[in-house]
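Position 146 of the sequence shown, counting from 1, maps to 186 under this note's numbering, and the rest follow consecutively. Built from N, CA and C at the ideal position, the CB exists for glycine as well. Only a predicted model underlies this, so the values are computations on that prediction, with no experimental measurement involved. Input: a single structure, listed below in structure tokens.
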Amino acid sequence: MKNVEEKKKERKLNKGQVEVLKLLYRYRFTTSELLAKAENQKHLQVTRSRLTILEKQGYIGRRYESSYKLLGKFATFYLLPKGLQYLKSIDVVDQQAIKMIYNDRKASDKFVDFCLAVCRTAQALISFYGQESRMFTRTELLDYDYFPQPLPDLYMSIKRKTVRHYFVDLYDDAIPTFVLVKKIKKYREHYESGEWEATDSDYPEIIVACANDKAEQRLRRKLLGGTTDDVVVYTCTIAGLESGGENNPFTVV
41 MKNVEEKKKE RKLNKGQVEV LKLLYRYRFT TSELLAKAEN QKHLQVTRSR LTILEKQGYI
101 GRRYESSYKL LGKFATFYLL PKGLQYLKSI DVVDQQAIKM IYNDRKASDK FVDFCLAVCR
161 TAQALISFYG QESRMFTRTE LLDYDYFPQP LPDLYMSIKR KTVRHYFVDL YDDAIPTFVL
221 VKKIKKYREH YESGEWEATD SDYPEIIVAC ANDKAEQRLR RKLLGGTTDD VVVYTCTIAG
281 LESGGENNPF TVV
């Protein structure tokens, strides 16, 4: 039980700290560097200070092992039950998401790496498209029944003359190609079902962000051997997105 002095030290969360909790809710796991990008925070130390305070007060957990340094890996952060309860108190979280996130401290390394890749891809797309883009993670899509199942890794809308919509999925060497082929087939079935018509908008195009050039080439061979009728599919690499410049990183299938 906390004594009076400890309670005094635990001040009310400020706007920046609450924003960190919201971002961890969206992405599940992320690093201080990725969080700083997501916050559009130029000074990394500001983000690190927020994380330190939230960790000390028991809102978030930190995942780090001595082997990470040799592997070139960074500490990752995630929500603890106290952080979830705080977000629930300000009506941020979905009940389904609470059940999913509650045991994130026990998540596998594979799942953590996937979450980091999702966050990295999201930041690259936001940087590429700028303020026109809005990004949503799986966690934020749980309460909408017109999205396909399984859910895309990310959903993006871009506001131009007409709003364009995209389902974004990740692909790396650990994922068999047939998994992505099957998921794109599910998108075709979802398109044909007419469920998306409830949004009164064009059906989303699909972006598959690949971990590297080799993975992209392998996936494209598999997709070109099948059919992607009714839906438009693009592939790219995450590094290609991050490089920016005038070159178009997307290749249509």
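Short Cβ contact (9 angstroms threshold) for residue i with residue j
{"i": "Tyr227", "j": "Pro289", "result": "no"}
{"i": "Glu95", "j": "Thr87", "result": "no"}
{"i": "Ile100", "j": "Leu64", "result": "yes"}
{"i": "Val60", "j": "Leu91", "result": "yes"}
{"i": "Thr71", "j": "Thr116", "result": "yes"}
{"i": "Gln97", "j": "Lys122", "result": "yes"}
{"i": "Ser68", "j": "Tyr104", "result": "According to the sequence shown, residue 68 is Arg rather than Ser. Result no, Cβ atoms of Arg68 and Tyr104 do not sit closer than 9 angstroms."}
{"i": "Thr239", "j": "Ala255", "result": "no"}
{"i": "Leu263", "j": "Val208", "result": "no"}
{"i": "Asp242", "j": "Arg204", "result": "yes"}
{"i": "Val271", "j": "Ile224", "result": "yes"}
Contact set for residue i: own chain, Cβ-Cβ below 6 angstroms, skip 5 residues either direction
{"i": "His230", "result": "Pro188"}
{"i": "Tyr206", "result": "Met196, Pro244, Glu245, Ile247"}
{"i": "Asp134", "result": "Leu182, Asp183"}
{"i": "Ala279", "result": "none"}
Other residues of its chain near residue i: CB distance less than 7 angstroms, five sequence neighbours each side excluded
{"i": "Arg66", "result": "Thr177, Thr179, Glu180"}
{"i": "Leu259", "result": "Tyr211, Thr217, Leu220, Val248, Cys250, Thr275"}
{"i": "Met140", "result": "none"}
Contacting residues, own chain, Cβ-Cβ under 8 angstroms from residue i (five flanking each side not counted)
{"i": "Phe168", "result": "Leu281, Gly284, Pro289"}
{"i": "Leu84", "result": "Ser72, Glu73, Ala76"}
{"i": "Tyr186", "result": "Glu235, Trp236, Ala238, Thr239"}
{"i": "Tyr108", "result": "Phe114, Ala115"}
{"i": "Ala137", "result": "Tyr65, Thr179, Leu182"}
{"i": "Lys62", "result": "Leu127, Val132"}
{"i": "Lys48", "result": "In this prediction, Lys48 has a pLDDT of 49, which is less than 50 and means its spatial position is unreliable; what the coordinates show is noted afterwards. Nothing listed; no residue qualifies."}
Element boundaries [beta strand (DSSP E), containing residue i]
{"i": "Ser197", "result": "194-198"}
{"i": "Glu237", "result": "Run containing Glu237: none; DSSP gives neither H nor E here."}
{"i": "Ala249", "result": "245-250"}
{"i": "Leu119", "result": "116-119"}
Residue range of the unbroken alpha helix (DSSP H) whose run includes residue i
{"i": "His83", "result": "His83 -> no alpha helix (DSSP H), and no H or E assigned at all."}
{"i": "Ala279", "result": "278-283"}
{"i": "Ser173", "result": "Element bounds for Ser173: not the alpha helix (DSSP H) but the beta strand (DSSP E), 173-177."}
{"i": "Leu63", "result": "55-67"}
{"i": "Val152", "result": "149-169"}
Where residue i falls: helix, strand or coil (DSSP)
{"i": "Lys48", "result": "Bear in mind that the predicted position of Lys48 carries a pLDDT of just 49, short of 50, making it unreliable; the figure below should be weighed with that in mind. Here Lys48 sits in helix by DSSP."}
{"i": "Tyr99", "result": "coil"}
{"i": "Asp131", "result": "coil"}
{"i": "Ile215", "result": "coil"}
{"i": "Glu105", "result": "coil"}
{"i": "Phe290", "result": "coil"}
{"i": "Leu182", "result": "coil"}
{"i": "Tyr36", "result": "What is shown of the chain runs 41 to 293, which leaves residue 36 out entirely."}
{"i": "Val273", "result": "strand"}
{"i": "Thr71", "result": "coil"}
Give a yes or no on contact between the segment 139-146 and the segment 50-63, applying the rule of three or more CB pairs nearer than 8 angstroms. no
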